[in-house]
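These notes are about the structure you will find just below.
In mature numbering (1 follows the signal peptide of the UniProt record, and there is no 0), the protein residues as written are -23 to -1, 1 to 269.
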């Protein structure tokens, strides 16, 4: 077992040494497919019939199955949704709509040398530019490997914190186990169908030392190799194709549109709007039930 680990380490070092010979103009493109499964019991749950759940699930499938392109060099990357000629989904490009709320994710820029993160976000018709530092992930690397296409990939895991606007991670509240979950989740409404969001989530990533840059899809980065696959909660991101040093190189431009906010400020804006929508809905229900 120890001998195998030593051989693996030697192989990785040899691969990384050979790849580090890339010139200063090194650039690449990685194509990713992202998919998210939904727990229908958390959205409408018992109020929907099986047929309605099936129809809703199909709509959600088209909304959450996206293709992205990560253009990268040794220091920078830009992560964009691949443009398609299909009719736009509800909420617009890369967007989502829930109960009248809409949000659209735009280009995401990471600069590991400057520790810079820039994300264009549209929320309720307003354009924001999240301008912040890169969030460092405490990766735990393992000796486990697997083949992804023609690349040897290694496994790493990290525990990430979730905020209470991450509704894709919502789960139905278990009233029989409230004490056990009291410290590891956040309730997001007070209805009979109360759901909660875990405070933390385990992320599993597979990266390849054959492309020794610490970039990856979305907010994921910080490993000694390009991240090819990520599993986080109900979302999986898979790399389907890599093009190194393409003949036609693309400029990696920093996003610049929108009101500048930090990630914390943007999260608070979304949180406040969600609470406002929930309160309005609650007042509407209570008002509709009054009789003179």
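Note that the Cβ used here is the ideal one computed from N, Cα and C, for glycine as well. Just so we're clear, the structure is a prediction, and the values are computed from it rather than from any experiment.
Alpha-carbon spacing of residue i relative to residue j, whole angstroms
i           : j           : result
residue 125 : residue 84  : 26 Å
residue 104 : residue 235 : 5 Å
residue 213 : residue 59  : 17 Å
residue 192 : residue 26  : 43 Å
residue 133 : residue 251 : 34 Å
residue 230 : residue 90  : 15 Å
residue 130 : residue 183 : 6 Å
residue 221 : residue 8   : 12 Å
residue 245 : residue 111 : 18 Å
residue 256 : residue 239 : 26 Å
residue 207 : residue 181 : 6 Å
residue 75  : residue 232 : Per-residue confidence for residue 75 stands at a pLDDT of 45, beneath the threshold of 50, marking its modelled position as unreliable; the derived number appears in the next sentence. Between residue 75 and residue 232, the C-alpha separation is close to 26 Å.
residue 109 : residue 41  : 26 Å
residue 53  : residue 219 : 16 Å
residue 95  : residue 197 : 14 Å
residue 88  : residue 228 : 14 Å
residue 210 : residue 121 : 21 Å
residue 123 : residue 249 : 43 Å
residue 178 : residue 241 : 18 Å
Chain-order list of residues whose beta-carbon lies under 8 Å from that of residue i (same chain, five-residue window excluded)
i           : result
residue 226 : 2, 4
residue 223 : 4, 5, 6
residue 115 : 135, 136
residue 185 : 125, 128, 129, 130, 131, 202, 203, 205
residue 188 : -5, 5, 128, 202, 203, 219, 221
Cβ separation of residue i and residue j, assumed to be a contact under 8 Å, to the nearest whole Å
i           : j           : result
residue 46  : residue 93  : In fact, because the Cβ distance is near 20 Å, the residues do not count as touching under 8 Å.
residue 247 : residue 49  : Rounded, the Cβ-Cβ distance is 28 Å, inconsistent with contact.
residue 56  : residue 195 : 6 Å
residue 98  : residue 243 : 6 Å
Three-way DSSP call (helix, strand, coil) for residue i in this model
i           : result
residue 169 : Reliability of the predicted coordinates at residue 169 is poor, the pLDDT of 45 falling under 50, and the value obtained from them is presented with this limitation in mind. DSSP places residue 169 in coil when its eight states are reduced to three.
residue 228 : coil
residue 247 : helix
residue 14  : coil
residue 187 : coil
residue 100 : strand
residue 121 : strand
residue 241 : helix
residue 140 : coil
residue 192 : coil
residue -8  : Unreliable positioning characterises residue -8 in this predicted model, as indicated by a pLDDT of 49, which lies under 50. The coordinate reading is nonetheless provided below. Correct three-state label for residue -8: helix.
residue 92  : coil
residue 41  : helix
residue 256 : helix
residue 85  : strand
residue 4   : coil
Close Cβ partners of residue i (< 7 Å) along its chain, the five nearest in sequence each way excluded
i           : result
residue 199 : 113, 114, 116, 191
residue 10  : 44, 215, 217
residue 51  : 3, 190
residue 237 : 106, 108
residue 12  : 41, 42, 213
residue 64  : Confidence is the limiting factor: at residue 64 the pLDDT is only 45, short of 50, which leaves the residue's position unreliable, though a coordinate-based value still follows. Within the same chain, residue 64 has no close Cβ partners at all.
residue 14  : 211
Chain-order list of residues whose beta-carbon lies under 6 Å from that of residue i (same chain, five-residue window excluded)
i           : result
residue 118 : 133
residue 253 : none
residue 32  : none
Proximity test, residue i beta-carbon vs the ligand MG heavy atom, cut-off 7 Å
i           : result
residue 175 : This structure simply doesn't include the ligand MG, nor any ligand for that matter.
Below-8 Å beta-carbon distance, residue i vs any chain D residue
i           : result
residue 111 : The chain labelled as chain D is not found in the depicted structure, where only one protein chain is given.
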